[in-house]
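Here UniProt numbering is used: position 71 in the sequence shown is 71, and no number is missing along the way.
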Amino acid sequence: MTSTTSQVYPVIWQDDRVLLIEQNRLPNEYTFVEIKCCDDMAHAIKTMIVRGAPAIGVAAAYGMYLGARDIQTESRDEFLNELEKIGKTLGQTRPTAVNLFWAIQRMLNTARKTLGPVEYLKTVLLETAKTINAEDIQTCQAIGDKGLEVLPKNPEKLTLLTHCNAGALATAGYGTALGVVRSAWTAGRLARVYADETRPRLQGAKLTAWECVQEGIPVTLITDNMAAHCMQRGLIHAVVVGADRIAANGDTANKIGTYSLALVAKAHKVPFFVAAPLSTIDFSIGDGSQIPIEERDPVEIYQVGNTRLTAEGVEFYNPAFDVTPAELIAAIITEYGAVVPSELQQFQTKQVV
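In structure tokens, the structure reads:
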């Protein structure tokens with residue numbers, strides 16, 4: 001299945017299955033993968049067919065329903081026990097992205113609180129997954145608008161830098177960091193976006209640049225180690241990135257390379273913003289030292305396509321994320337507004353689980 005539309009929705013419920021954009025094949029192929037069971041969804045999340053913390057959460061919600069649909073029992077207790085096992089299976093796929101666990105917990109809580117026969121519980125779970133999907137799109141649009149309010153007022157036309165992909169592909173649609181970019185573009189305040197290529201998986205080169213081209217947003221791709229040079233030359237007015245998990249104090253885990261980008265921004269007095277839905281904030285952990293950091297297959301480092309880049313015998317270290325300390329972040333932009341990291345606690349009561 002292929003599509004040529006510029007409206008990007010990476011997770012789609014259609015009939016009795018989920019359609020996922022196969023993000024590993026972008027930008028050369030825009031294809032969808034059909035997901036009909038929980039195990040297939042777990043594989044899709046693990047192998048980054050679907051990626052980006054909010055999109056993973058939406059996908060996991062549908063994965064919970066697909067798993068629930070296959071539970072063959074009329075016993076409520078047995079059903080809930082099996083549903084918890086399904087949640088554990090999905091939770092083992094990507095340990096850093098807290099939206100994954102937030103969505104799983106929301107689906108579990110919904111099942112526990114819903115009265116009625118098992119078949120009715122299954123129906124409610126599907127509706128809950130659809131609600132999570134729709135809410136995320138609305139949330140990202142709100143993040144974009146709130147982010148526009150805190151961007152520098154001068155110059156009138158801004159050049160923004162982003163890292164990795166926090167666009168429509170990383171959410172249910174529209175995006176978080178790229179949602180701010182989209183809102184700035186729509187408002188006539190964006191001159192250009194610079195996209196880090198984002199080694200080793202090149203999400204900036206493959207995904208962010210592709211999204212911008214789809215919508216006619218001027219985009220310039222740079223390698224990760226060019227960011228300091230661009231700031232030194234005054235080419236960047238602000239940095240906007242997404243997040244996979246934010247600790248209660250504002251420390252933020254995002255794609256590897258984000259921390260160094262924040263340090264460079266600080267050195268050049270360029271404001272550094274994090275854009276993420278409230279579901280990305282993990283109020284159960286005090287600071288970033290408690291955020292688990294996923295390590296991925298070193299083949300992502302030493303091989304591009306079928307070409308090996310290094311000599312045999314070299315050792316590798318491939319963390320997928322790093323943690324940016326709160327003091328380097330000018331503001332965290334959520335659907336409820338932008339705040340300095342120390343003020344995040346005011347949003348805790350608004351978080352839906």
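We put the beta carbon where it would ideally sit given N, CA and C, even for glycine.
W185 is the residue among W185, K88 and Y120 whose C-alpha sits nearest the C-alpha of E215. Boundaries of the beta strand (DSSP E) around Y194: L190 to D196.
Closest by C-alpha distance to A227, out of R189, H268 and G188, is H268. In the DSSP secondary-structure assignment, R17 is bridged to Q14. Closest by C-alpha distance to G234, out of C212, S260, P271 and L202, is P271. In the three-state DSSP reduction, G91 falls in the helix class (H, G or I).
Distance from the CA atom of V213 to the CA atom of Y120, rounded to whole angstroms, is 44 Å.
Under the DSSP assignment, T114 falls outside any beta strand (DSSP E); it carries neither an H nor an E label.
DSSP places F32 in the strand class (E or B) of the three-state scheme. Burial state of G250 is buried, judged by a 10 Å Cβ sphere holding 16 or more other Cβ atoms.
With 16 or more other Cβ atoms inside 10 Å of its own Cβ, Q23 counts as buried. Cβ contact annotation for V8 (same chain, cutoff 8 Å, sequence separation greater than five): I21, G167, A168, L169, G173, E211 and Q214, in chain order. Judged by DSSP in its simplified three-state form, V339 adopts strand. T176: not part of any beta strand (DSSP E); DSSP gives it neither H nor E.
Judged by DSSP in its simplified three-state form, G167 adopts strand.
With respect to the C-alpha of T208, the residue from T176, N165, T171 and Y194 having the closest C-alpha is N165. Of the candidates H43, P10, L263 and D15, the residue whose Cα lies closest to the Cα of V58 is P10. For the pair I236 and L190, the CB atoms are not nearer than the 8 Å cut-off.
The residue among P200, A177 and V323 with its C-alpha nearest the C-alpha of V193 is A177.
Its chain contains P319, A320, F321 and D322 as the residues whose beta carbon lies nearer than 7 Å to that of I256, once the 5 sequence neighbours on both sides are disregarded; these appear in chain order.
In the DSSP assignment, L235 falls outside any beta strand (DSSP E) and carries neither an H nor an E. Annotated three-state conformation of A275 is strand, per DSSP. Scanning its chain for C-beta atoms nearer than 6 Å, with the 5 sequence neighbours on each side dropped, one finds around T93 the residues A42, I45 and K46, in chain order.
In this structure, A243 and A253 form a Cβ contact; the two beta carbons are roughly 7 Å apart against a cut-off of 8 Å. For A61 and A311, the gap between their C-alpha atoms comes out near 42 Å.
Measuring C-alpha to C-alpha distances from S289 to each of G175, A326, G63 and V340 identifies A326 as the nearest. The Cβ neighbour count for N99, taken over all protein chains shown within 10 Å, is at least 16; the residue is labelled buried. Only residues of its own chain outside the window of five on either side were considered, and among them A191 have a CB closer than 6 Å to the CB of K157, listed in chain order. DSSP, reduced to helix, strand and coil, places E135 within a helical segment of the structure shown.
Of all alpha-carbon atoms in V181, A55, Q346 and P341, the one lying nearest the alpha-carbon of I217 is that of V181. R106 sits in a helix when the DSSP states are folded into three classes. Per DSSP, A184 has no beta bridge partner at all. Fully enclosed beta strand (DSSP E) runs of no fewer than 3 residues occupy 219-222 of the segment 206-237, in order along the chain.
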